[in-house]
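Please read the structure below before turning to the comments.
Chains as they are written, first to last, in this note's numbering: chain L, 3 to 552; chain H, 18 to 129.
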């Protein structure tokens, strides 16, 4: 509102309206005054023309007809009956005889019905101006001519009456010419006439001022009674909205249309108040519902959490609590599930004739689905693996059963080896699993086991073979799941097999447990604060190299 | 991940961008393969040039996709494996079931 121009407000529009009205009023009054003045001037002029005409025709002509033409001058000079009359004179055309006795004068007074002339005067006479068109017109037509002439004293009205030499006059003036002279009458507007016109103009100005005052009065009334009250209503509505006081109402009092507007606003504000209350109630209801649902979810989550903890303890039971003791062999391990339940599994178990089974597996995925696969693998290994047979045979059996029990895209990778603890010979099946690393702790020579099998548990991909490997004294076997090599830092760079081998070479002098700790520390150093995305299982077997090597 | 499809010399090339790691990635991958099979595009070449990482679940989806394509008489091949992925394909013996090519051009030529 404040940013708008003043003339866009009601007050501004009203002011513009008053200004326009005043302008039109001025023009109208000026026009009327001018027209009236002009009409009055014309009327005054016509009235004088009529009076002079009457005087000439009613007074002078009878005198002239009575044969007392010389008396006309005196009559004219003494006639004061017309205001503004400057002069009446005879402009001579031809010579005229003067009458000179008192009898004639009395005759004239008798004609006029009143005594106007007391003595005989010879009127001044002058000749007709030779080139004046008005005189020419009067002499030519023989009729009356009226015209105006601008002089130094203002506009003058002149009248010309040709003096006809009638038959009655022929005795005195002869019959040879008809027009003997011209009667010239001149008059101007009198002071009284001008005052009247000035009064008229003054009246117009007063009328204009009264109209202007009335308009501005109406404007002030409008501003006070309408615009200011509307502004007040707007201010109150804005205040209610700004201060969030929807329980407030706009005060009433004048019982006019603006009060009706205020009532309409009050109804609207009341509706908003009702809506807000309903909204508030709905919000409270929703919050209560959310709290209730949250509580239910928390309870369910707590239940699931507790259930998972139980499952985790069960799964931990699947892992070997301790490794078989053997003078030539020492095992150590670590297991870091990324969720409550892991999909990795390892085991070491004694077999007949001094043999030992070594097993590490990684189920696809992680969490509960992978844990179930692990449980199945553990169960199958417990029943199948204890039989003497080639590792590939055991893996083949596990794969066949697993492919029937699990979804099409679920599988596991595993390393299963049967080790002759006395000779150091090992037969193994490396099925889709990252190749274990063998580092000789004395020489630092690194060897990788050869993969010889596909993914376990996927039909058509389950062809497995056996390979053999001969451990030398000081060899350290490091089997792992891909959770460690695929541990990524924030730049998505993997820890990787090469970095792992490098750490294994560097830590070959350490005993198994601190070596594993060093590997995990290196992984952690690589990943930083990034969480594990897969389970990590590490299984270390030292062959004839117990203890620390300098 | 993002997967775009185009055809060249009768071979449908699926360019994979990103990792096959999350459930969403796997669903997207499986849907893309199924869409090509629905369109009777049976010569598929998966371009792994822009793939950084495939976890074990992703590997499972890849194997499953290969089996599905074979079941309808199609062939699925792979090109552009990074070194890590190439090693993964090696020790899981996937290379014995899924043909792997160094680059896309070699992969396309292998279908001729």
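All C-beta atoms, glycine included, are put in the ideal place defined by N, C-alpha and C.
Use the C-beta contact count for residue 283 (chain L): other C-beta atoms within 10 angstroms, 16 or more gives buried, fewer gives exposed. Stepping through the first chain from its first residue, residue 283 (chain L) is reached at position 281. Flag for residue 283 (chain L) reads exposed.
Tell me whether residue 137 (chain L) sits in a helix, a strand or coil according to DSSP, three-state version. Along the first chain, one-based indexing puts residue 137 (chain L) at 135. Three-state result, residue 137 (chain L): helix.
Less than 7 Å separating the beta-carbons of residue 34 (chain H) and residue 57 (chain H)? On the second chain, residue 34 (chain H) is found 17 positions in, with the first residue counted as 1. On the second chain, residue 57 (chain H) is found 40 positions in, with the first residue counted as 1. Between residue 34 (chain H) and residue 57 (chain H), the gap from beta carbon to beta carbon reaches 7 Å or more.
Going by beta carbon distance, what residues of the same chain come within less than 8 Å of residue 311 (chain L), once the five residues before and after it are set aside? Numbered from its first residue, the first chain carries residue 311 (chain L) at position 309. For residue 311 (chain L), where only same-chain residues beyond five positions count, the Cβ hits under 8 Å are 342.
Tell me, please, whether the stretch 354-364 of chain L touches the stretch 488-502 of chain L by the rule of three or more beta-carbon pairs shorter than 8 Å. Flag = no, the stretch 354-364 of chain L and the stretch 488-502 of chain L do not touch.
Below 8 Å on C-beta distance, what does residue 80 (chain H) contact in chain L? Locating residue 80 (chain H) in the second chain gives position 63, where the first residue counts as 1. When 8 Å is used as the limit between beta carbons, residue 80 (chain H) is near these residues of chain L: 411, 413, 457, 460 and 463, in chain order.
Can you pull the chain H residues whose beta carbon is under 8 Å from the beta carbon of residue 536 (chain L), in chain order? Your numbering for residue 536 (chain L) matches position 534 in the first chain. Within chain H, the residues whose beta carbon sits less than 8 Å from that of residue 536 (chain L) are 72 and 73, listed in sequence order.
Three-state class that DSSP yields for residue 33 (chain H) in the structure shown: Your numbering for residue 33 (chain H) matches position 16 in the second chain. It is a strand residue.
Compute the Euclidean distance between the alpha carbons of residue 418 (chain L) and residue 438 (chain L), then round it to the nearest angstrom. As a working mapping, residue 418 (chain L) is identified with position 416 in the first chain. As a working mapping, residue 438 (chain L) is identified with position 436 in the first chain. Roughly 11 Å separates the two Cα atoms.
What is the rounded straight-line gap between the Cα of residue 399 (chain L) and the Cα of residue 324 (chain L)? Reading the first chain from its first residue, position 397 is the one you call residue 399 (chain L). Reading the first chain from its first residue, position 322 is the one you call residue 324 (chain L). When only Cα atoms are considered, residue 399 (chain L) and residue 324 (chain L) end up about 27 Å apart.
Run the CB neighbour count on residue 9 (chain L), radius 10 Å, all protein chains shown included, and call it buried at 16 or more, exposed below. Numbered from 1 along the first chain, position 7 holds the residue referred to as residue 9 (chain L). Exposed.
Spatial distance of residue 21 (chain H) from residue 128 (chain H) (CA atoms): What you label residue 21 (chain H) is simply residue 4 of the second chain in a count that begins at 1. What you label residue 128 (chain H) is simply residue 111 of the second chain in a count that begins at 1. Between residue 21 (chain H) and residue 128 (chain H), the C-alpha separation is close to 20 Å.
Within chain H, the residues that residue 366 (chain L) reaches when beta carbons sit closer than 8 Å: On the first chain, residue 366 (chain L) is found 364 positions in, with the first residue counted as 1. 73, 74, 76 and 77, listed in chain order.
Using DSSP bridges, identify the partner residues of residue 469 (chain L). Taking the first chain and counting its residues from 1, the one referred to as residue 469 (chain L) is at position 467. Looking at the DSSP assignment, residue 469 (chain L) forms a beta bridge with L:430.
Give me the chain L residues within the contact set of residue 41 (chain H), using Cβ-Cβ distance strictly less than 9 Å, ordered along the chain. Here the question's residue 41 (chain H) lines up with position 24 in the second chain. Correct list: empty, because the minimum Cβ distance to chain L is about 14 Å.
In this structure, how does DSSP classify residue 18 (chain H) when only helix, strand and coil are distinguished? Start at 1 with the first residue of the second chain, and residue 18 (chain H) comes out as number 1. In this structure, residue 18 (chain H) counts as coil in the three-state DSSP scheme.
Counting only beta-carbon separations shorter than 7 Å, does residue 511 (chain L) have a partner in chain H? Within the first chain, residue 511 (chain L) is the residue found at index 509, counting from 1. Closer than 7 Å to the CB of residue 511 (chain L) there is not a single CB belonging to chain H.
Which partner residues does residue 418 (chain L) have in the DSSP bridge list? The residue given as residue 418 (chain L) occupies position 416 in the first chain. DSSP lists L:361 and L:431 as partners of residue 418 (chain L).
With a threshold of 7 Å between beta-carbons, can residue 475 (chain L) be considered close to chain H, or not? Here the question's residue 475 (chain L) lines up with position 473 in the first chain. Look at residue 475 (chain L): its C-beta is not under 7 Å from any C-beta on chain H.
If you check the beta carbons only, do residue 478 (chain L) and residue 544 (chain L) fall under 7 Å apart? By one-based count along the first chain, residue 478 (chain L) stands at place 476. By one-based count along the first chain, residue 544 (chain L) stands at place 542. A contact, by the Cβ cut-off of 7 Å.
Establish whether the CB of residue 106 (chain H) and some CB of chain L are separated by less than 7 Å. The residue labelled residue 106 (chain H) in the question sits at position 89 within the second chain. Chain L places no beta carbon closer than 7 Å to that of residue 106 (chain H), leaving this residue out of the contacts.
For the structure I just gave you, are there three or more beta carbon pairs, one from the stretch 529-548 of chain L and one from the stretch 332-341 of chain L, closer than 8 Å? Put simply, the stretch 529-548 of chain L touches the stretch 332-341 of chain L. At least three CB pairs are less than 8 Å apart.
Here's the rule I'm using: 16 or more other beta-carbon atoms within 10 Å means buried, otherwise exposed. How should residue 317 (chain L) be labelled? Within the first chain, numbered from 1, the residue matching residue 317 (chain L) stands at position 315. Counting the other Cβ atoms within 10 Å of the Cβ of residue 317 (chain L) gives 16 or more, which makes it buried.
When the cut-off is 7 Å and only beta carbons count, does residue 434 (chain L) lie next to chain H? Taking the first chain and counting its residues from 1, the one referred to as residue 434 (chain L) is at position 432. Yes - at least one Cβ of chain H is within 7 Å of the one on residue 434 (chain L).
Does the stretch 93-102 of chain H come into contact with the stretch 59-67 of chain H, if we say contact requires no fewer than three beta-carbon pairs (one atom in each stretch) closer than 8 Å? Proximity of the stretch 93-102 of chain H to the stretch 59-67 of chain H meets the contact definition, three or more beta-carbon pairs being nearer than 8 Å.
Please compile the residues from chain L whose C-beta is within a distance smaller than 7 Å of the C-beta of residue 97 (chain H). As a position in the second chain, residue 97 (chain H) is number 80, starting the count at 1. For the C-beta of residue 97 (chain H), not a single chain L residue is nearer than 7 Å; the gap to the nearest is close to 18 Å.
Looking at chain H, which residues of the stretch 439-454 of chain L have a Cβ within less than 7 Å of any of its Cβ atoms? For the stretch 439-454 of chain L, the set of residues with a beta-carbon nearer than 7 Å to any beta-carbon of chain H comprises 453, in chain order.
Taking only three categories from DSSP, how would you classify residue 455 (chain L)? Taking the first residue of the first chain as position 1, residue 455 (chain L) is located at position 453. Of the three classes helix, strand and coil, the one that applies to residue 455 (chain L) here is strand, per DSSP.
So, with DSSP's three-state summary, where would you put residue 513 (chain L)? For the purposes of this step, residue 513 (chain L) is taken as the residue at position 511 of the first chain. Residue state, collapsed to three classes: coil.
In chain order, what are the residue ranges of uninterrupted beta strand (DSSP E) at least 3 long that sit wholly in the stretch 46-129 of chain H? For the stretch 46-129 of chain H, whole beta strand (DSSP E) runs of length 3 or above, ordered along the chain, are 60-71 and 92-96.
Checking 7 Å against the spacing of the C-beta atoms, do residue 441 (chain L) and residue 506 (chain L) come in under that value? On the first chain, residue 441 (chain L) is found 439 positions in, with the first residue counted as 1. On the first chain, residue 506 (chain L) is found 504 positions in, with the first residue counted as 1. It is a contact, given that the beta carbons lie within the stated cut-off.
Contact check, residue 520 (chain L) vs residue 509 (chain L), beta carbons under 7 Å: By one-based count along the first chain, residue 520 (chain L) stands at place 518. By one-based count along the first chain, residue 509 (chain L) stands at place 507. For the pair residue 520 (chain L) and residue 509 (chain L), the CB atoms are nearer than the 7 Å cut-off.
Within 10 angstroms of the Cβ of residue 23 (chain H), are there 16 or more other Cβ atoms? Answer buried if so, exposed if not. Taking the first residue of the second chain as position 1, residue 23 (chain H) is located at position 6. Result: exposed.
Own chain residues within Cβ distance below 6 Å of residue 32 (chain H), not counting five before or after: Here residue 32 (chain H) corresponds to residue number 15 of the second chain, with the count starting at 1. For residue 32 (chain H), same chain residues with a beta-carbon under 6 Å away, outside a window of 5 residues either side, are 21 and 64 in chain order.
Does residue 533 (chain L) get closer than 7 Å to chain H when you measure Cβ to Cβ? Your numbering for residue 533 (chain L) matches position 531 in the first chain. Not flagged as an interface residue toward chain H: residue 533 (chain L), since no C-beta distance is shorter than 7 Å.
Taking only three categories from DSSP, how would you classify residue 447 (chain L)? Indexing the first chain from 1 puts residue 447 (chain L) at position 445. Under the three-state reduction of DSSP, residue 447 (chain L) is assigned to coil, being neither helix nor strand.
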